[in-house]
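Q:
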């Protein structure tokens, strides 16, 4: 294995793949927060929310960011699937008995490789349900805008839709609870004095995502619109 | 018949200058010629790995063999305490001369002056070398190296890496070796056991190797062979050595004509975790430092079966303090070990099999507080509790001596070459530097001195006059030795015996421990020799080795090793019988004072006993190397 | 005590293996698990059957030779110990104990419970050292090392190369093993000159050996007999990124 036949480093190195996962993951965490902030406007009523939605889809910067987000999403999923395959290949013969005790024990049934693909399916469905869902128009302040508020309210009037959504948010919370902390570890941002803080932030972040996103459909389901 | 005297080829001149002068006199091999020479190294412990790495750095082709799955697992890894060097960092008066003096005196004046002095000289270079490799030695807050004191010395000269010094030094040597593997200059053969040495006209030409996974035999030729295969404490069955540690490489070299020197010099360590039953496979050593605060005792009445805490002071016999009032519990290893064994043999031992004595920290905890004791011995107490599930803070520890180092080994001259030309022997496998007793923290020093600094120079002197001809491992001598080895292993599996070889090892261990262990007598040795011969017969007829010779077969590996242990056991007993004095770890009951002090006989036994193999049913022939002490006058050890 | 040992038997790398049960009785609690295997083997030898092959050597927890996954956990229950330091008193009377080899495609089974861990040697050979030749050294005290760095380096250097980290990882990743060596040497001044090169070459060799990727689940840390922290993995991750982005190392 001489230097000539093999590059000293590679963009395909395991650590780099993990770091790309961490980077894209953190970027999507940022998106989640912005998305959550937007969702909370639903509580302010249809005018405010529809205005916001109109501004978002007509701002060239936001449109640019949307394409970036798509790229980030595609990277995260492609590398993610590659990692799943590689990891399966690393142990083709399973243990008869396996007991886990560390962080793995919390994820024994719901690990990143399970929550990840679930989230991917949900995100695609979610886009078709809402972003590309039923289009209503409404005139607000002399401007004809899409009544996305109505689309949302209609969608969450179904118990089944709400149940699926809440389940997806549970998966998301689990995913980010490990992913957020994990990204710091993967970039080497680890120090005995601050590790606990990062882990705590990770837990808080997951809870914010779960409660923040989860409460809105329940709010609508209960008829507060 | 008067024994022959063998010349160790010690260079002339002042003791201080011998090694430097000798290095100048040694012939060299030019850098351009070195790649034309091939060197075989057997064993990857401190000595083997360091020698192979250094020789490869110099440009020789190196092939190295080990029986474990990786060179990093050699038993040097288990050494705990530390490594000595006369750096005098603590400014407490240490010098090369003092290290030389302590080592020679510790060996009870049965080692070669010139060798021991050279060892003390190069010890400092070892520390430099290991630090440069990144060995994480203990440090002071200022970033400088820390030292601690160790048995047998009044200065702090021991360098250490927690309780894992051997591991760290071995990993240093292993990493140096792997660096050379990466350069493509060293070829490693793991799970490979040397089964014979090929000798042509008194010159070592190569080795025959059995692959432990496939059972395949291969022939390897080289311009010289270096054995670094460690010691033979497992002749006692239970010892602190690893399970695969064995004597076969050096014993088979002995059968090919190499002299075996002082085989009876074996060291017993007094503070080991005792045996809990017949099934026990291994004894674990605990640092001797425990005796600084622990008090050794047994119940006065051998029928006293109360648990230790319930026995009042008045019913306890602190026998070391009673027998050795001035040194008490701190008498040297050999003295403490013998006293413990005598008490147990007299039926006064404690524990499930009556083979242990109490080491009590009650007084120390009372006087110093349990926190101080925890700071000093916390990890040892924890280790003890892990093994025995007893808490030494509450119940006294139980200890028993165990065999853990062999000073004897193949004879080598000043150049570390045996009497077979081209066969070098380094580390514990040779007999050279520790005389009749080794001091703590000196084994690591010797292994690395031999490997890094001595053998790389002396090998050149030998190779310089050898033609760098192409090597042919298909020659008749190689084929014949391979054929013989193959037949020997095939015979083991075709035997129709009923006794597992482990059981025979057990029996050998009992004989050796009782009569060729830490206390020996002419009469006992006679009995032992007879018993060992009977055992050999039993082995031939009754050993049972299941399975196939062409497969991974641990029983077959053991069969070969135990056969050699039985033969070596007899050689040890013969050597012990012929050395009619008490010196160092060798204690002859006939040669003690009325106070049970050993009596050394410098008039008749100031020599190394060399044994030459004469054939299967012949007694070996004894030769002598007279020891001369020009620089230090032998004195008597006394610990009362 | 009484136990049933369910042991993995596999004649060769190529053959398929299976579990075989061994019922044992009158086992003293002070016996170690490896001694129990010895005694099972003694029974097999007396029946002229093939004894169970397993790796072991020093039997005091330092050589790294012993392996085994016991009831789903490498080196069995108990923290900071190896299989050879496991005593039968750690199990309940009457328990069925499942004994499997370390499973990872980078550690193929050789026979029964023995696996081939030579990938670890190759990783060390790729760069797990300070390139210094014998004699080419300054006086030892010319190299100063802060005490806390020496201590932390020692924490990492304590690795015995047993491979339990790989066995415990759900992805069979060798990150803890590699990180322990990278971290040990990078904490010391002696390791600085080739710090970047070392992490690049060792990780490359690790990847080529077929180990999985790290998922930061810390199972490795939990089973490590020397309790080596995944903080060392973080240090290696950081160093790899810097080496790739900033170092002058070229292929």
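Residue numbers (this note's numbering), protein chains in the order written: chain A, 27 to 251; chain C, 22 to 661; chain G, 22 to 272.
Where is the CB? At the ideal position from N, CA and C, for every residue including glycine.
#1: Measure the Cβ-Cβ separation of residue 41 of chain A and residue 261 of chain G and say whether it is below 7 Å.
#2: Helix, strand or coil for residue 86 of chain G? Go by DSSP, reduced to three states.
#3: With a Cβ-Cβ cutoff of 7 Å, do residue 106 of chain A and residue 56 of chain A count as a contact?
#4: What residues in the stretch 119–143 of chain G have a beta carbon less than 9 Å from any beta carbon of chain A?
#5: What is the DSSP secondary structure of residue 272 of chain G, counted as helix, strand or coil?
#6: Looking at C-alpha atoms only, which residue of G/228, G/255 and G/216 is the closest neighbour of residue 113 of chain A?
#7: Could you give the distance in angstroms between the alpha-carbon of residue 170 of chain G and the alpha-carbon of residue 125 of chain A?
#8: Please determine if the stretch 376–388 of chain C and the stretch 554–568 of chain C are in contact, where contact requires at least 3 C-beta pairs separated by less than 8 Å.
#9: Within 10 angstroms of the Cβ of residue 170 of chain A, are there 16 or more other Cβ atoms? Answer buried if so, exposed if not.
#10: Between the alpha carbons of residue 413 of chain C and residue 311 of chain C, how many angstroms are there, rounded?
#11: Considering only their Cβ atoms, is the gap separating residue 203 of chain G from residue 144 of chain G smaller than 7 Å?
#12: Give the DSSP-derived three-state secondary structure of residue 120 of chain G in the structure shown.
#13: Closer than 8 Å, Cβ to any Cβ of chain A: which residues of the stretch 167–188 of chain G, in chain order?
#14: List the residues of chain G that residue 82 of chain A touches, going by C-beta distances under 9 Å, in chain order.
#15: Among all the DSSP beta bridges, which residues are the ones paired with residue 442 of chain C?
#16: Against residue 112 of chain A, what residues of chain G qualify as contacts under a CB-to-CB distance less than 7 Å, listed in chain order?
#17: Leaving out the 5 sequence neighbours to the left and right, which residues in its chain are closer than 6 Å to residue 552 of chain C when beta-carbon positions are compared?
#18: Do you know how far the Cα of residue 442 of chain C is from the Cα of residue 283 of chain C?
#19: If you reduce the DSSP assignment to three classes, tell me which class residue 45 of chain G lands in.
#20: Using a Cβ-Cβ cutoff of 7 Å, what residues of the stretch 26–38 of chain G are near chain A? List them in chain order.
#21: Taking C-beta to C-beta, are residue 81 of chain C and residue 60 of chain C nearer than 7 Å?
#22: With DSSP run on the structure shown, which of helix, strand or coil describes residue 430 of chain C?
#23: Measure from the alpha carbon of residue 356 of chain C to the alpha carbon of each residue in C/458, C/247, C/88 and C/492, then state which is nearest.
#24: Keeping to the same chain, check which residues put their C-beta closer than 7 Å to that of residue 337 of chain C; ignore five residues upstream and five downstream.
#25: Find the residues of chain G that neighbour residue 41 of chain A, judging by a C-beta separation of less than 7 Å, and give them in chain order.
#26: Can you pull the chain A neighbours of residue 209 of chain G, defined as C-beta to C-beta under 7 Å?
#27: Tell me, please, whether the CB atom of residue 214 of chain A is closer than 7 Å to any CB atom in chain G?
#28: Tell me the rounded alpha-carbon separation between residue 197 of chain G and residue 240 of chain G.
#29: Under the assumption that residue 665 of chain C contacts residue 590 of chain C (Cβ atoms under 8 Å), give the Cβ distance between them as a whole number of angstroms.
#30: Between residue 46 of chain A and chain G, is there a C-beta pair that is closer than 7 Å?
#31: I want to see whether chain G comes within less than 7 Å of residue 516 of chain C, judged by CB atoms only; does it?
#32: Please state if the CB of residue 239 of chain A and the CB of residue 195 of chain A are separated by a distance shorter than 7 Å.
#33: Counting only beta-carbon separations shorter than 7 Å, does residue 76 of chain G have a partner in chain A?
#34: Looking at the structure shown, is residue 29 of chain A part of a helix, part of a strand, or coil, going by DSSP?
#35: Between which two residues does the alpha helix (DSSP H) carrying residue 121 of chain C extend?
#36: Can you name the start and end residues of the alpha helix (DSSP H) that residue 60 of chain C belongs to?
A: Looking at the atomic coordinates:
#1: Yes. Within cutoff.
#2: DSSP places residue 86 of chain G in coil when its eight states are reduced to three.
#3: Taking 7 Å as the Cβ cut-off, residue 106 of chain A and residue 56 of chain A do not qualify as a contacting pair.
#4: Taking 9 Å as the Cβ-Cβ cut-off against chain A, the residues of the stretch 119–143 of chain G that qualify are 119, 121, 124, 125, 126, 127, 130 and 143.
#5: The predicted position of residue 272 of chain G is uncertain, since its pLDDT is 49 and thus under 50; no value can be drawn from it.
#6: The alpha carbon of residue 113 of chain A has as its nearest neighbour, out of G/228, G/255 and G/216, the alpha carbon of G/228.
#7: So the alpha carbons of these two residues sit roughly 34 Å apart.
#8: Three or more Cβ pairs closer than 8 Å define a contact, and the stretch 376–388 of chain C falls short of that threshold against the stretch 554–568 of chain C.
#9: Classification of residue 170 of chain A: exposed, given that the 10 Å Cβ count is below 16.
#10: Whole-angstrom Cα-Cα distance: 11 Å.
#11: For the 7 Å CB-CB criterion, residue 144 of chain G and residue 203 of chain G do not form a contact.
#12: If DSSP states are grouped into helix, strand and coil, residue 120 of chain G belongs with the strands.
#13: For chain A, none of the residues of the stretch 167–188 of chain G brings a beta carbon within less than 8 Å of one of its beta carbons.
#14: Under the 9 Å cutoff, chain G gives no residues; its nearest Cβ is about 34 Å from residue 82 of chain A.
#15: When beta bridges are read from the DSSP output, residue 442 of chain C appears opposite C/224.
#16: Listed along chain G are 233 and 234, each with a C-beta nearer than 7 Å to that of residue 112 of chain A.
#17: Correct list, in chain order: 532.
#18: Residue 283 of chain C and residue 442 of chain C have their C-alpha atoms spaced approximately 20 Å apart.
#19: In the three-state scheme derived from DSSP, where H, G and I count as helix and E and B as strand, residue 45 of chain G is classed as strand.
#20: The stretch 26–38 of chain G vs chain A, Cβ under 7 Å: nothing.
#21: Contact: yes.
#22: The three-state secondary structure of residue 430 of chain C, taken from DSSP, is strand.
#23: Residue C/458 is the option with its Cα nearest to residue 356 of chain C.
#24: Around residue 337 of chain C, the same chain offers 318, 320 and 321 as residues with beta carbons nearer than 7 Å, after the five sequence neighbours per side are excluded.
#25: Ordered by position in chain G, the residues that pass the 7 Å Cβ test against residue 41 of chain A are 224, 258 and 261.
#26: Result: empty, since nearest Cβ-Cβ is about 18 Å, beyond 7 Å.
#27: Under the Cβ distance rule, residue 214 of chain A counts among the residues neighbouring chain G, one pair being separated by less than 7 Å.
#28: So the two alpha carbons sit approximately 10 Å from each other.
#29: As shown, chain C starts at 22 and ends at 661. That puts residue 665 of chain C outside it, with no answer to give.
#30: Not closer than 7 Å to any Cβ of chain G, the Cβ of residue 46 of chain A fails to qualify, so no.
#31: Chain G contact via Cβ: absent.
#32: Residue 195 of chain A is a Cβ neighbour of residue 239 of chain A, given a cutoff of 7 Å.
#33: No - not a single Cβ of chain A is within 7 Å of the one on residue 76 of chain G.
#34: With a pLDDT of 44 at residue 29 of chain A, under the threshold of 50, the modelled position of that residue is not reliable, and the figure given next carries that caveat. Residue 29 of chain A: coil per DSSP, three-state reduction.
#35: In the DSSP assignment, residue 121 of chain C falls within the unbroken alpha helix (DSSP H) covering 117–127.
#36: From DSSP, residue 60 of chain C is part of no alpha helix (DSSP H) but of the beta strand (DSSP E) over 59–63.
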